[in-house]
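Asker: When you number the sequence shown by my numbering, it's gap-free, plus one each residue, and the end is 315. The C-beta atom is built at its ideal place from N, Cα and C for all residues, glycine as well.
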Amino acid sequence: MYHHVNPHRGMINSSPENFERQIAALARAGYTSLSAAEFAAFLRGAPAPKKSVLITFDDGYLDNWLYAHPVLARYNMRAVLFTVTGWVGDGAPRAHAGQTTALAETYAHKVGRGIIESGDTDRVMARWSELEAMQAAGTFEIHSHTHTHTRWDYVCRHSTAEKIERLSSDLELSRDLLRSKLGINSGHLCWPQGYFDSDYLDVARKNNFTHLYTTAAYGQNKVGTDPEHIYRFAISNMNGLRLLNRVRLARGAVVGPAYNAYKLWKRKIRGKDNAH
């Protein structure tokens with residue numbers, strides 16, 4: 040699970056240099072990056088290359104186009120991008136790395152979120168034209184991260200009926216925009232902040248979302264894993280060797296569950312909730 044690829048520091052940010060080291064390491068080690076459809080088929084029992092990864096990005100930031108897209112193209116790898124459709128604007132594609140040295144400015148995560156909250160989303164987010172170009176190049180496929188990235192359980196904490204209504208509208212808008220702008224009829228949805236409850240699940244099902252992605256890292260996606268609870272682990276600004284080691288831990292039949300149990304135990308004793 041990635042968010043940003045840009046020169047700024049942050050827990051959910053990878054530098055362009057380290058991102059290239061990570062993707063290059065995966066490619067050299069013989070890993071195949073799956074599409075969302077291939078991953079879904081694997082969960083149902085279809086064969087997949089033994090060394091397979093699903094690379095995901097959340098939100099749809101401009102820096103994904105500026106820096107991640109050319110790296111993925113260079114190594115013939117692909118990723119799944121969950122975009123917040125209400126933050127995406129129109130306009131011509133901006134130059135990405137490798138085309139010019141004059142790239143658009145990027146921002147650290149907190150600064151960027153402040154810009155989004157001010158309404159100036161185009162400074163921070165990829166445009167529809169850029170999403171379309173990445174989709175056409177085969178570096179990113181685009182799926183839903185809702186339309187507004189709102190935690191409706193917070194906003195509507197006093198009314199379950201309103202929560203359900205607002206969330207349903209949110210998902211419908213996202214689905215319809217992806218269909219009209221990019222020709223996508225996606226059944227893959229990533230929850231904002233990784234949060235969901237039984238009402239969220241019911242609304243997603245009614246809106247034909249069949250594969251639901253969490254921010255929970257302490258489990259393995261294997262044949263038969265619940266497609267409504269897909270595990271992912273966050274990638275920080277690590278080098279390629281550390282990423283390979285982390286992937287090996289995640290996929291190990293014996294080491295993987297033991298490592299996840301240890302990390303979950305550490306999280307619990309620190310008092311952090313990992314309900315989802």
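Counting only runs that start and end within the region 90-114, where is the alpha helix (DSSP H) found for 4 or more residues in a row?
Answerer: With a minimum length of 4 residues, the continuous alpha helix (DSSP H) runs that stay inside the region 90-114 are 108-113.
Asker: For F121, write down the residues that DSSP places opposite it in a beta bridge.
Answerer: Reading the sequence shown from its first residue, position 82 is the one you call residue 121. Answer is D97, H182, bridged to F121.
Asker: Assuming R271 and T95 form a contact by the criterion Cβ under 8 angstroms, report the distance between their Cβ atoms to the nearest whole angstrom.
Answerer: By one-based count along the sequence shown, residue 271 stands at place 232. By one-based count along the sequence shown, residue 95 stands at place 56. Contact holds; Cβ gap of about 6 angstroms.
Asker: Let me check understanding here. Comparing Cα to Cα, which of R60, D209, G130, H148 lies closest to L111?
Answerer: Start at 1 with the first residue of the sequence shown, and residue 111 comes out as number 72. Closest by alpha carbon: R60.
Asker: By the 10 Å Cβ neighbour count, where 16 or more other Cβ atoms means buried, how is D265 classified, buried or exposed?
Answerer: Locating residue 265 in the sequence shown gives position 226, counting from the first residue. So D265 ends up on the exposed side.
Asker: In the DSSP assignment, find the beta strand (DSSP E) that holds Y252 and state where it starts and stops.
Answerer: Within the sequence shown, residue 252 is the residue found at index 213, counting from 1. Unbroken beta strand (DSSP E) run through Y252: 250-252.
Asker: Since T71 sits in a beta bridge, which residues does DSSP pair it with?
Answerer: For this step, residue 71 is matched to residue 32 along the sequence shown. Bridge partners of T71: S91.
Asker: Just to confirm my understanding: we take A64, look at its own chain, exclude 5 residues before and 5 after, and list those with CB closer than 7 angstroms. What are they?
Answerer: In the sequence shown, residue 64 corresponds to position 25, counting from 1. Once the five neighbours on either side are set aside, the close Cβ partners of A64 are G279, L280, L282, L283.
Asker: What span of residues does the beta strand (DSSP E) with L142 cover, start to end?
Answerer: As a working mapping, residue 142 is identified with position 103 in the sequence shown. Neither: L142 is in no beta strand (DSSP E) and is coded neither H nor E.
Asker: Excluding the five sequence neighbours on either side, which residues of its own chain have a C-beta within less than 8 angstroms of the C-beta of K302, listed in chain order?
Answerer: Walking along the sequence shown from the start, residue 302 turns up at place 263. Excluding sequence neighbours, K302 sits near A256, Y257.
Asker: Between which residues of its own chain and A66 is the CB-CB distance below 6 angstroms, once the five residues before and five after are set aside?
Answerer: Position 27 of the sequence shown, counted from the start, is the residue given in the question as residue 66. Only Y114 meet the Cβ criterion.
Asker: Considering only their Cβ atoms, is the gap separating P231 from H188 smaller than 8 angstroms?
Answerer: Translated into positions along the sequence shown, residue 188 becomes position 149. Translated into positions along the sequence shown, residue 231 becomes position 192. Contact: yes.
Asker: Excluding five sequence neighbours on each side, which residues of the same chain lie with their C-beta closer than 8 angstroms to the C-beta of L142?
Answerer: Counting from 1 along the sequence shown, the entry for residue 142 is found at position 103. Correct list, in chain order: L105, R133, A134, H135, A136.
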